[in-house]
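The opening position of the sequence shown corresponds to residue 1 in the UniProt record's numbering, with each subsequent residue numbered one higher.
Structure first, commentary second.
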Amino acid sequence: MSYRLNMRAKYIFRPIIFIGISLGLYFCLSSLLDATILKNKSYINQPVITGLEGKEMPIFNFLSVESTTKISTGSSIFNKPIVFLYVKSGCPFCSKQLNEVRENLERLKGIQFYILISGGDKYDSIAKEFGFNKMKENVIFLVDYQKTFKNYFNVDAVPFISIYRKDQKLQNVFIGNISSEQILNLTK
Numbered sequence: 001m002s003y004r005l006n007m008r009a010k011y012i013f014r015p016i017i018f019i020g021i022s023l024g025l026y027f028c029l030s031s032l033l034d035a036t037i038l039k040n041k042s043y044i045n046q047p048v049i050t051g052l053e054g055k056e057m058p059i060f061n062f063l064s065v066e067s068t069t070k071i072s073t074g075s076s077i078f079n080k081p082i083v084f085l086y087v088k089s090g091c092p093f094c095s096k097q098l099n100e101v102r103e104n105l106e107r108l109k110g111i112q113f114y115i116l117i118s119g120g121d122k123y124d125s126i127a128k129e130f131g132f133n134k135m136k137e138n139v140i141f142l143v144d145y146q147k148t149f150k151n152y153f154n155v156d157a158v159p160f161i162s163i164y165r166k167d168q169k170l171q172n173v174f175i176g177n178i179s180s181e182q183i184l185n186l187t188k
């Protein structure tokens with residue numbers, strides 16, 4: 001009887017141990033692979049198809065975070081590509097995306113960046129959280145106080161990135177992080 005019990009236990013525990021070891025290896029290797037890919041910045045996010053690609057930039061109404069000045073995208077003509085980054089405070093993915101931009105500002109200097117925050121977020125805490133202690137010439141923080149941008153694109157996840165070409169026509173929209181290389185390639 002005892003021998004039979006040992007044989008039965010042997011057949012039950014072997015598959016359980018095998019499954020446990022397999023799952024452990026899978027999770028270790030997948031997290032190691034993810035960390036390696038992200039560390040090397042070789043990730044490429046695919047654009048979201050909105051049906052707005054190729055259309056001219058509509059008029060978006062924003063507030064400057066440094067004052068109560070209203071800013072409208074229709075009020076000035078830009079002669080360079082524009083990237084809108086819609087972010088939220090406390091979002092680790094937003095932090096990663098803004099760090100990617102901040103660390104590569106020299107390479108991205110030919111692109112105008114607008115960091116959009118919702119009306120509930122405070123600029124000081126966001127700028128500090130994302131490492132922008134001092135405003136840069138090509139990086140401007142704005143508040144989407146009328147939600148014109150959010151409503152136009154139906155933003156429901158952050159970071160939300162829209163890239164406009166030099167001619168102010170929509171190139172691509174992304175949900176999630178993209179690399180500085182991808183931004184450069186899309187704005188050429």
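By construction, the Cβ of each residue, glycine as well, lies at the ideal position given by its N, Cα and C atoms.
Supposed close pair residue i, residue j - CB separation, criterion 8 Å
i, j, result
"Pro159", "Asn177", "7 Å"
"Ile82", "Tyr164", "4 Å"
"Gly110", "Lys136", "Not really, about 13 Å apart at Cβ, beyond 8 Å."
"Leu85", "Leu98", "7 Å"
Three-state secondary structure (DSSP) of residue i
i, result
"Ala35", "Here Ala35 scores only 44 on pLDDT, less than 50, and its place in the model is too uncertain to base an answer on."
"Asn185", "helix"
"Gln168", "coil"
"Phe84", "strand"
"Ile17", "helix"
"Phe60", "coil"
"Ile161", "strand"
"Tyr114", "strand"
"Ile178", "coil"
"Asn40", "Only weak support is given to the placement of Asn40: the predicted model assigns it a pLDDT of 47, under 50, and the value that follows is read from those uncertain coordinates. Three-state result, Asn40: coil."
"Lys96", "helix"
"Ser89", "coil"
"Lys136", "strand"
"Lys55", "coil"
"Leu108", "coil"
"Lys150", "helix"
The ligand SAH heavy atom lying under 6 Å from the CB of residue i
i, result
"Arg102", "By its list of ligands, the structure shown contains no ligand whatsoever, and the ligand SAH lies outside what it can speak to."
Residues bridged to residue i (per DSSP)
i, result
"Val155", "In the DSSP output, where bridge partners are listed per residue, Val155 has none listed."
"Phe141", "Ile115"
"Ile71", "Phe62"
"Val48", "Val173"
Do three or more CB pairs link the segment 110-118 to the segment 138-151 at distances below 8 Å?
-> Contact between the segment 110-118 and the segment 138-151 is present, because at least three Cβ pairs lie under 8 Å.
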